[in-house]
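Everything below concerns the one structure shown next.
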Amino acid sequence: MVRARRKSLAAKGPEAHSLIRNLAIIAHVDHGKTTLVDQMLRQAGAFRANQQVEERVLDSNPLERERGITILSKNTAVHWQGTKINIVDTPGHADFGGEVERILRMVDGVLILVDAAEGPMPQTRFVTRKALALGLKPIVAINKIDRADADPLRVHDEVLGLFIDLDATPEQLDAPFLYTSSRLGTATADLARPGTDLRPLFQAILDHVPPPRGDPEGPFQMLVSTLDHSSFLGRIAIGRIERGRVRVGDQVALLPLGAPGLVQDEPMERSRVTRLFTFEGLDRVEIEEAAAGDIVALSGFETIEIGKTFAAVARPERLAGIAVEEPTISVDVIVNNSPFAGREGKYVTSRQLRDRLYRELERNVALRVEPTDSPDTHTVSGRGELHLSVLMETMRREGYEFQVSRPRVITKLGPGGERLEPYEELALDLPEEFVGVVMEKLGPRRAELLELRNAGHGTVRMTFRIPARGLFGYRSEFLTDTRGTGTMHHRFLDYGPWAGPLAGRRRGVLVADREGIVVAYALGNLQERAQMFVSPGDAVYEGMIAGENSRPGDMDVNVSKEKKLTNVRASGSDENILLEPAREITLEYALEYIEEDELIEVTPKSVRLRKRVLAANDRKKAARAARVADAS
Ligand SMILES: Nc1nc2c(ncn2[C@@H]2O[C@H](COP(=O)(O)OP(=O)(O)OP(=O)(O)O)[C@@H](O)[C@H]2O)c(=O)[nH]1
Ligand SMILES: [Mg+2]
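Next up, the structure:
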């Protein structure tokens, strides 16, 4: 944070907010948003001449860098020809779509990026629909035109088709189209004349994004669109000032959630603004005063929540709130009680776990945490597997150790009392020859084909509607079935009728039958019938899952079994055994993989799979009891 006691641009004069543009960049995952912001910052002179800047500098947290995706939206700002352009980079992954929706409330225009080869994808459709419905006028960038397989004119048509489909107004249909390369930092309106820099983009923003409305002289009013949190300042509200101005030290009301209009006789927090910031390049700059039109961050309030309105005490007028999206899947997060509990983690007790989970709610607004009958177990609900696994991955990096159950979808009751479950839109791109096998696999998962079309170059795009449950465990099958050549995206669509029982995992697992250290000799004997998850030297315990059976049904095995030594031969013969590499178990893979009677053990060093019931005898008894119960 940079300290500079000064006024924001909008605070400088009555017509100053015509010198502001507020823009969100929205797109499907990986279409090049963050890379484009890099280039915008660079070309607008936000970096010092010799400043070393990493690629995708805005993807600043370690998980974002590792995965190459944006998880949290980020505010930045550049100056172009005397106008301040506030830019919000948003995440493209569907699990974070709710965040994009909230961001749209603090901007006056959107830049929709569409990959020049992939064309509009499910998330493109989602964010475009939201932006058009809010009446925002888009600028479209057909991006990555440097790709060898780019087909910008086809994609241009597809985007127009999407706009028509989504009932765009005539003004929205009239959106300017640019052909861009985020990577090269170029934009052009005319493919015959290749771009040399981003000037056409900046110009389009000045010309087509309307300046923010709102009277800087009226009573102060601002909607909380996103949150940040610092251990030093507590909750920080980020939003666009709708009306009036605000100064550090002002007494301001923070209104409770509710219907828009004047608020009377409702309890509300009145506090002083302790800190106020605007955005400049990559920094958050501390200021004394800001006015309508600018996007600011402010602190000093205990009850900051998304969708609440800040207002002048003398005129507590509430703005229309922002609905926070409902979670669609849940897992149980359980204190680690495996035989290896406490060996690798720093924070392992139920209290530490509970405190950490509740702390997450400070800024992760689409997340829910609920207690259960057992103090060792909390139910954590979110928008998808990535949403949940990012939290788990963050926690293990912080030193937490815990166990996680198989994800369950969150069902609802329909108007007639019938049971509903979440459905997803699934988009697959794959070579034509694999269509048959994919259809065959998706049928039993209750997928319904919505569209199949030729995407050129011998590939097809298939779109399905499928119960979210039907997707559990599908990704690895899809990759195997298309020999790694297919790509797959899905996003939440709506709630629909419960689809009934779905086929689960087809193959059983190999379960270690005793505690010990894995030996190559043992794996050598097992690998013909199995894909191993463990390697020689790994420690295992009874009930831990060591691999996947190539057939249905679980098998108890001894993975620590040494070769019997004879007098003739010495030990060390292990070196002669050729082992297939173990399958790497990532958190996301594990979440998709496990069955109801299994758990994931997550520690800072390991992700292990286990049976809930560890002892082989107890498992047999439990299975027998289940069969009896089924039969009766
Ligand atoms: N060829 C080519 N590749 C690009 C271009 N822009 C981005 N990429 C690459 O596409 C990948 C994704 O880029 P990002 O900028 O992270 O995409 P994003 O839209 O921010 O992704 P999310 O934030 O995860 O939704 C990276 O590997 C980039 O290097 C481009 O103009 N041309
Ligand atoms: Mg990004």
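So the sequence shown is numbered by the working numbering: it starts at 9 and just counts up by one.
Built from N, CA and C at the ideal position, the CB exists for glycine as well.
Predicted, not measured: the structure shown is a model, and the values here were computed from it.
Give the straight-line distance between the Cα atoms of GLU606 and MET563, rounded to the nearest whole angstrom.
Rounded to the nearest angstrom, the two C-alpha atoms are 14 Å apart.
Counting pairs of Cβ atoms below 8 Å between the segment 115 to 133 and the segment 150 to 160, do you hit three or more?
Cβ pair count under 8 Å is three or more, so yes.
With a 10 Å radius around its C-beta and 16 neighbouring C-beta atoms as the bar for buried, classify ASP302 as buried or exposed.
Around the CB of ASP302, 16 or more other CB atoms lie within 10 Å, so the residue is classed as buried.
By DSSP, does ASN58 sit in helix, in strand, or in coil?
ASN58 falls in the coil class under three-state DSSP.
Take LEU458 as the anchor and find which of ALA435, ILE28, ARG491 and VAL519 has the nearest alpha-carbon.
When ALA435, ILE28, ARG491 and VAL519 are compared, the shortest CA-CA separation from LEU458 is found for ALA435.
Determine contact between the segment 512 to 530 and the segment 489 to 500, defined as no fewer than three beta-carbon pairs at a distance below 8 Å.
Here the segment 512 to 530 makes no contact with the segment 489 to 500; the two share fewer than three CB pairs at distances below 8 Å.
From PRO324, PRO220 and THR282, pick the residue whose C-alpha is nearest to that of LEU270; which is it?
Ranked by how close their Cα comes to the Cα of LEU270, the residues PRO324, PRO220 and THR282 have PRO324 in first place.
At which residues does the alpha helix (DSSP H) containing PHE210 begin and terminate?
DSSP places PHE210 inside the alpha helix (DSSP H), whose first and last residues are 207 to 216.
May I ask which residues mark the beginning and end of the alpha helix (DSSP H) holding LYS628?
Element bounds for LYS628: 624 to 639.
In terms of DSSP beta bridges, what is MET552 paired with?
According to DSSP, MET552 bridges with ARG618.
I'd like to know whether the C-beta atoms of ALA299 and LEU284 end up nearer to each other than 8 Å.
In this structure, ALA299 sits away from LEU284, with a CB-CB distance that is not shorter than 8 Å.
Once you ignore the five residues that flank PRO347 on each side, which residues in its own chain have a CB closer than 6 Å to its CB?
The beta carbon of PRO347 lies closer than 6 Å to those of TYR549 in the same chain, with the five residues before and after it left out.
Quick one: is TYR549 near chain D, going by C-beta distance under 8 Å?
In the structure shown, chain D cannot be found, because there is only a single protein chain.
DSSP three-state call for HIS164: helix, strand or coil?
Helix, per DSSP.
If I follow the unbroken alpha helix (DSSP H) through VAL45, where does it start and stop?
That run of the alpha helix (DSSP H) goes 41 to 51.
Please identify the residue among LEU394, PRO475 and ARG469 whose C-alpha is closest to the C-alpha of GLU456.
The shortest C-alpha separation from GLU456 is found at PRO475.
Can we count LYS152 as close to ligand 1, meaning its CB is less than 7 Å from some heavy atom?
Yes, the Cβ of LYS152 comes within 7 Å of a heavy atom of ligand 1.
If you measure from the CB of GLY193, is any heavy atom of ligand 4 nearer than 7 Å?
What this structure holds is ligand 1 and ligand 2, not ligand 4.
What's the call for ALA267, buried or exposed, on a 16-neighbour Cβ count within 10 Å?
It counts as exposed.
Relative to the alpha-carbon of ILE295, which residue among GLU274, VAL256 and ILE593 has its alpha-carbon at the smallest distance?
When each option's Cα is compared against that of ILE295, the closest is VAL256.
Tell me whether the beta-carbon of VAL417 lies closer than 8 Å to the beta-carbon of ARG477.
Cβ atoms of VAL417 and ARG477: closer than 8 Å.
Checking 8 Å against the spacing of the C-beta atoms, do GLY193 and GLN89 come in under that value?
Not closer than 8 Å, so no.
Answer yes or no: the CB of SER189 versus the heavy atoms of ligand 1, is any distance below 7 Å?
Flag set: Cβ of SER189 near ligand 1.
ARG627 beta carbon near ligand 1 (any heavy atom closer than 7 Å)
False, no ligand heavy atom lies under 7 Å from that Cβ.
Find the nearest neighbour of VAL293 within the set ARG201, ALA630, GLU370 and ASN83, judged by alpha-carbon distance.
In terms of Cα proximity to VAL293, the closest of ARG201, ALA630, GLU370 and ASN83 is ASN83.
VAL260 versus ALA319 - alpha carbon distance:
Cα to Cα, VAL260 sits roughly 6 Å from ALA319.
Any heavy atom of ligand 1 closer than 7 Å to the CB of ARG133?
ARG133: no, Cβ never under 7 Å from ligand 1.
So, for PHE210: in the same chain, excluding its five sequence neighbours on each side, which residues have a beta-carbon less than 6 Å away from its beta-carbon?
Closer than 6 Å at the Cβ level, and outside the excluded window around PHE210, lie TRP88.
Quick one: using the 10 Å Cβ neighbour count with 16 as the cut-off for buried, is GLU107 buried or exposed?
GLU107 comes out buried.
Compute the Euclidean distance between the alpha carbons of LEU290 and ALA54, then round it to the nearest angstrom.
Roughly 8 Å separates the two Cα atoms.
Among all the DSSP beta bridges, which residues are the ones paired with MET276?
DSSP output for MET276 lists no bridge partner at all.
Can you check DSSP and say which residues form a bridge with LEU270?
Beta bridge pairing from DSSP links LEU270 with GLU325.
Option in GLU432, ARG110 and ALA624 with minimal Cα separation from ILE314:
Distance from the Cα of ILE314 is smallest, within the candidate group GLU432, ARG110 and ALA624, for ARG110.
Any heavy atom of ligand 1 within a distance shorter than 7 Å of the CB on ARG155?
For ligand 1, at least one heavy atom lies less than 7 Å from the Cβ of ARG155.
3-residue-minimum beta strand (DSSP E) runs that sit fully inside the segment 292 to 343, ordered along the chain
Fully enclosed beta strand (DSSP E) runs of 3 or longer: 303 to 307, 317 to 320 and 337 to 342.
Please report the Cβ distance between GLY481 and GLU600, rounded to the nearest whole angstrom; I am assuming they are in contact, meaning their Cβ atoms lie under 8 Å.
About 5 Å separates the two Cβ atoms, so the contact holds.
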